[in-house]
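Residue 281 in the working numbering is what sits at position 279 of the sequence shown, and the numbering runs on without skipping anything.
All remarks here apply to the structure that follows.
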Amino acid sequence: MKISDVVLTEVTGEFPADELQAAERGSRPLDVYPEFRGTRTFEPSHAPDEKVRQSDVYLEVHTDEGVTGLFGPVDGGHAIILRREIRDFLIGRDPLAIEKTWDLLLRRNRHARSSYYMMAMSALDCALWDLKGKALGQPVYRLLGGPVQEPVRAYASMLGFSLEPEALAERAAEYKQLGYWAQKWFFRHGPPDGDEGAAENVEVARTLRQAVGDDIALMFDAFNSWDVPYAIDVARRIAPYRPGWLEEPVPVDRIEGLRRIRERSGIPIATGEHLYTRWQVKQILDAGAADVIQADPDWCGGISELVKIAALCSAYDVPVCPHGHSLHAALHVAAALPHSVLPQVEFLILHQRHKQRFMKGFLEPESGVIQPPETPGLGIEIDPAKVQSRRAVE
Ligand SMILES: [Mg+2]
Numbered sequence: 003m004k005i006s007d008v009v010l011t012e013v014t015g016e017f018p019a020d021e022l023q024a025a026e027r028g029s030r031p032l033d034v035y036p037e038f039r040g041t042r043t044f045e046p047s048h049a050p051d052e053k054v055r056q057s058d059v060y061l062e063v064h065t066d067e068g069v070t071g072l073f074g075p076v077d078g079g080h081a082i083i084l085r086r087e088i089r090d091f092l093i094g095r096d097p098l099a100i101e102k103t104w105d106l107l108l109r110r111n112r113h114a115r116s117s118y119y120m121m122a123m124s125a126l127d128c129a130l131w132d133l134k135g136k137a138l139g140q141p142v143y144r145l146l147g148g149p150v151q152e153p154v155r156a157y158a159s160m161l162g163f164s165l166e167p168e169a170l171a172e173r174a175a176e177y178k179q180l181g182y183w184a185q186k187w188f189f190r191h192g193p194p195d196g197d198e199g200a201a202e203n204v205e206v207a208r209t210l211r212q213a214v215g216d217d218i219a220l221m222f223d224a225f226n227s228w229d230v231p232y233a234i235d236v237a238r239r240i241a242p243y244r245p246g247w248l249e250e251p252v253p254v255d256r257i258e259g260l261r262r263i264r265e266r267s268g269i270p271i272a273t274g275e276h277l278y279t280r281w282q283v284k285q286i287l288d289a290g291a292a293d294v295i296q297a298d299p300d301w302c303g304g305i306s307e308l309v310k311i312a313a314l315c316s317a318y319d320v321p322v323c324p325h326g327h328s329l330h331a332a333l334h335v336a337a338a339l340p341h342s343v344l345p346q347v348e349f350l351i352l353h354q355r356h357k358q359r360f361m362k363g364f365l366e367p368e369s370g371v372i373q374p375p376e377t378p379g380l381g382i383e384i385d386p387a388k389v390q391s392r393r394a395v396e
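This is the structure we're talking about:
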């Protein structure tokens with residue numbers, strides 16, 4: 003079998019505006035500049051009956067034997083790399099020799115080690131695993147050595163939900179009721195918002211703990227937008243509410259800063275959704291800078307690399323909880339590893355509803371656990387009934 007083409011297709015459709023819409027944007031690194039600070043809370047942007055247009059790009063790897071690998075949606079930025087840098091090099095190669103393809107692509111371009119290039123390689127790697135699963139008639143988690151975990155635990159990631167005290171407490175109680183054993187919330191404030199903002203962040207943690215009681219894990223995400231002293235201060239103040247972790251208090255390349263926050267705050271620190279490859283993860287592990295690694299198969303180097311990262315982390319006794327950008331890919335890896343190595347995946351409640359818009363069915367947890375699709379490959383299938391138009395991305 004040989005790769006005959008690598009195709010990017012943009013699909014467009016119209017969907018009823020979701021009744022669940024983001025009401026909160028959380029703190030951002032750019033907030034240090036007043037002109038970018040803006041408002042962090044907003045009303046729903048669409049009426050519930052309004053039709054909303056959406057376009058997504060999917061990656062397909064075609065073969066001379068008619069088997070196709072599918073992955074997506076993929077980001078525009080690395081779509082260009084896939085199309086211009088990678089496509090021609092792959093034509094004629096063995097699609098099942100995924101490890102070789104990965105190594106060739108890494109060695110071929112000196113900028114391949116990270117960022118958009120590695121994200122493009124990640125998407126390709128995931129599409130090749132889908133293709134391999136379809137060629138061999140097996141779901142990807144079986145090809146990876148699973149099933150090990152059946153089902154996999156998923157935590158509710160509450161990005162976009164309101165932090166207003168009443169709504170916050172209600173939503174937290176609702177997701178506890180739905181059977182999720184853990185929730186992650188995103189802080190609204192950072193250093194530019196001063197003492198008042200810090201106090202509000204602490205109040206969010208207090209309200210949540212009160213709303214869900216003692217038996218639910220609560221995690222918090224600062225989206226790279228804090229600094230070291232602020233993180234240590236807020237972390238110490240939320241410690242009484244027993245956070246499962248504080249995530250990305252500072253950008254992941256501030257390794258020494260992360261280590262100081264971890265040592266001085268007394269609460270677990272999570273990071274890694276913006277790490278590329280095992281070599282970047284190893285630097286964090288060697289520095290003792292994190293308690294949880296959150297590599298994302300959509301970005302870190304694909305399914306192939308996430309498996310290696312998990313093996314590396316297990317040697318340091320640091321669990322991997324993959325970031326939830328690509329649920330399908332993360333879930334297949336999770337189902338093929340022990341709970342002690344990969345205890346849970348992230349389910350972004352609002353984001354996944356958009357991300358899976360063009361897919362057949364909806365992959366979501368039930369009572370806080372989730373099963374990977376049983377169909378050959380990753381189980382991502384575009385529903386033609388949802389596609390109004392499609393065009394090739396050149
Ligand atoms: Mg995060």
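We put the CB at the ideal spot given by N, CA and C, even for glycine.
This one's a predicted model, so the numbers in the text were calculated from it and none came from an experiment.
Gly-215 versus Val-347: straight-line alpha-carbon distance, rounded: 22 Å
Does ligand 1 have even one heavy atom less than 7 Å from the beta-carbon of His-80? no
Say yes only if the C-beta of Glu-202 is nearer than 7 Å to one or more non-hydrogen atoms of ligand 1, and no if none qualify. no
Relative to the alpha-carbon of Glu-16, which residue among Gly-40, Asp-58, Pro-36 and Leu-10 has its alpha-carbon at the smallest distance? Asp-58
Closest Cα partner of Ala-233 within the set Ile-269, Trp-187 and Glu-205: Ile-269
May I ask you to check if the CB of His-334 is nearer than 7 Å to at least one heavy atom of ligand 1? no
Measure the CB-CB distance between Tyr-118 and Gly-79 and report whether it falls below 8 Å. yes
For a test of your reading of the model: does the CB of Phe-349 fall under 7 Å from any non-hydrogen atom of ligand 3? Yes or no. The model depicted lacks ligand 3 and carries ligand 1 instead.
Continuous alpha helix (DSSP H) stretch holding Gln-212: start and end: 196 to 214
Please list, in chain order, all residues with a C-beta atom less than 7 Å from at least one heavy atom of ligand 1. Asp-223, Phe-225, Glu-249, Glu-250, Glu-275, Gln-296 and His-325
Secondary structure of Val-230, DSSP reduced to three states: helix
Measuring CB to CB, does Pro-321 end up less than 8 Å from Leu-308? no
Considering Cα atoms alone, identify which of Leu-72, Asp-51, Ala-125 and Gly-303 is closest to Ile-82. Ala-125
Please list, in chain order, all residues of the same chain as Arg-392 whose beta carbon is under 6 Å from its beta carbon, the five residues on each side excluded. Thr-11 and Val-13
Any chance the segment 160 to 167 sits against the segment 23 to 38, with 3 or more Cβ pairs inside 8 Å? yes
So, at 8 Å on beta carbons, what are the nonlocal neighbours of His-38 in its own chain, with the 5 sequence-adjacent residues on each side left out? The identity of residue 38 in the sequence shown is Phe, whereas the question assumes His. Result list for Phe-38: Arg-30 and Leu-32, in chain order.
For Tyr-118, which residues does DSSP report across the bridge? Paired residues: none, contrary to the question.
Give me the Cα-Cα distance between Arg-244 and Glu-101, rounded to the nearest whole angstrom. 41 Å
Look up Ile-218 in the DSSP assignment and say whether it is helix, strand or coil. coil
What do you get for Asp-255, buried or exposed, if any count of 16 or more other CB atoms within 10 angstroms of its CB means buried? exposed
Look up Ile-372 in the DSSP assignment and give the residues it is bridged to. Val-154
Length of the line joining the Cα atoms of Pro-193 and Asp-235: 11 Å
Is Pro-374 near His-334, with beta carbons less than 8 Å apart? yes
What is the rounded straight-line gap between the Cα of Arg-89 and the Cα of His-330? 24 Å
Per the DSSP calculation, Tyr-60 is bridged to which residue(s)? Thr-11
Checking the sheet assignment: what are the DSSP bridge partners for Gly-71? Val-63
Would DSSP call Thr-41 helix, strand or coil? coil
In angstroms with no decimal places, state the Cα-to-Cα distance between Ser-306 and Asp-66. 24 Å
Should Asp-127 be labelled buried (16 or more other beta-carbon atoms within 10 Å of its own) or exposed? buried
According to the Cβ coordinates, are Val-154 and Val-371 closer than 8 Å? yes
Using 8 Å as the cut-off, can you tell me whether the segment 206 to 226 makes contact with the segment 180 to 196, which would need three or more C-beta pairs spanning the two stretches below that distance? yes
Out of Glu-383, Glu-52, Thr-209 and Leu-146, which has the shortest C-alpha to C-alpha gap to Glu-166? Thr-209
Just to confirm my understanding: we take Ala-156, look at its own chain, exclude 5 residues before and 5 after, and list those with CB closer than 8 Å. What are they? Tyr-182, Gln-346, Val-347, Glu-348, Phe-349, Pro-367, Gly-370, Val-371 and Ile-372
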